[in-house]
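Below you'll find the structure, written out as structure tokens, and then a few comments.
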Amino acid sequence: MTRQPLRLAILEAERMLAAAGVASPRTDAELLAAHLLGVERTKLMMVPLVDPPVVQALHDLVRRRAARVPLQHLTGSASLGAVTLSVGPGVFVPRPETELLLAWGESVLDGVEEPVVVDLCTGSGALALAMASARPDAAVHAVEKDPAALSWARRNADQQAQDGATPIRLYSGDVTDPMLFMELEGLVDLVLCNPPYVPEGTPVPPEVRDHDPHDAVFGGRDGLDVVRHVVSCAARLLRPGGGVAIEHDDTHGGSVPALLRARRVLTDVQDHTDLAGRPRFATARRTLPE
């Protein structure tokens, strides 16, 4: 059996992905090869030759990616912060831009001992588990209403706990419920949320349209149906000085901060851009007593 250069297989994979309109064909080709070989992407150069069955397996994966199956569904995982999560059909795949929201949340907790954190609309558990990893002393609560997504979150939470991480507290619930987390009212140091926020009818890539759960992506006609409830929930949960961060659509750079400013108990409202310079998440702090 004649071994074949991995470099040529990756070049062919890149060509196929580029022709299919995949946004990052070289990166995806290399990540699929690394996944298949069980090595880090940076170590691919140390695998100059592969057997023909490996080339065929890579071709099969690339063909599925060219059909716009999400990369993370093919590898079975996605990362946020220091945490690697299992993902697949039925749960929203975490995006790299959420790293900036996570970093802001970590900064809010600087100097806070044993903080209380709430992750609303947790999906795969990404923000909750990433925060628990960054702050093992935190009591992290996460809530999700969709049963399929909640099963992924439980799987990820169980895996992180088995690996020695501080367990999170995972709940089935709906952010639109005014009784949600009543026992935590006025006690929370940080509220994080990556809610469904895309306005209904907005064109989205095939990976999102065909594979992400609709209700995890779209937030009603203006994209703010869930965000409005998140703002209300955060306003009553936060302790004085606590912070809230809400990811939003890039058309919401004015509207989400306005929703936060409308709450008299919230102050220091700011909007933040992603690495491409687009409005991406809004933050606020609970007012301190005079």
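In UniProt numbering, the protein residues as written are 1 to 290.
All residues carry an ideal CB built from backbone N, CA and C; glycine is no exception.
Within its own chain, the residues whose Cβ lies closer than 6 Å to the Cβ of residue 130, once the five positions on either side in sequence are excluded, are 80, 81, 83 and 102, listed in chain order. The beta carbon of residue 186 is closer than 7 Å to those of 239 in its chain, skipping five residues each way along the sequence. Exclusion of the five residues before and after residue 230 leaves 120, 175, 193, 195 and 246 as the residues of its chain whose Cβ lies within less than 7 Å of its Cβ.
Distance from the CA atom of residue 180 to the CA atom of residue 277, rounded to whole angstroms, is 34 Å. The DSSP-derived three-state label of residue 284 is strand. Setting aside the 5 residues that flank it on each side, residue 159 is surrounded in the same chain by 86, each with a C-beta closer than 8 Å to its C-beta; the list follows chain order. Unbroken alpha helix (DSSP H) stretches of 4 residues or longer found wholly inside the segment 225 to 273: 225 to 237 and 255 to 261, given in chain order.
Just so you know, the alpha carbons of residue 89 and residue 171 end up roughly 21 Å apart. Taken through DSSP and simplified to helix, strand or coil, residue 124 comes out as coil.
The Cβ atoms of residue 216 and residue 125 lie no closer than 8 Å to each other. In the three-state scheme derived from DSSP, where H, G and I count as helix and E and B as strand, residue 166 is classed as coil. Shown here, residue 137 sits in coil according to DSSP, grouped into three states, outside any helix or strand.
Distance between residue 166 and residue 3, taken at the CA atoms: about 45 Å. The way I'd put it, the segment 92 to 111 does touch the segment 256 to 276; three or more beta-carbon pairs between them come closer than 8 Å.
The beta carbons of residue 280 and residue 259 sit no closer together than 8 Å. Residue 115 and residue 190 have their C-alpha atoms some 8 Å from each other.
For residue 103, the enclosing alpha helix (DSSP H) covers residues 98 to 108.
Residue 93 sits in coil when the DSSP states are folded into three classes, being neither helix nor strand.
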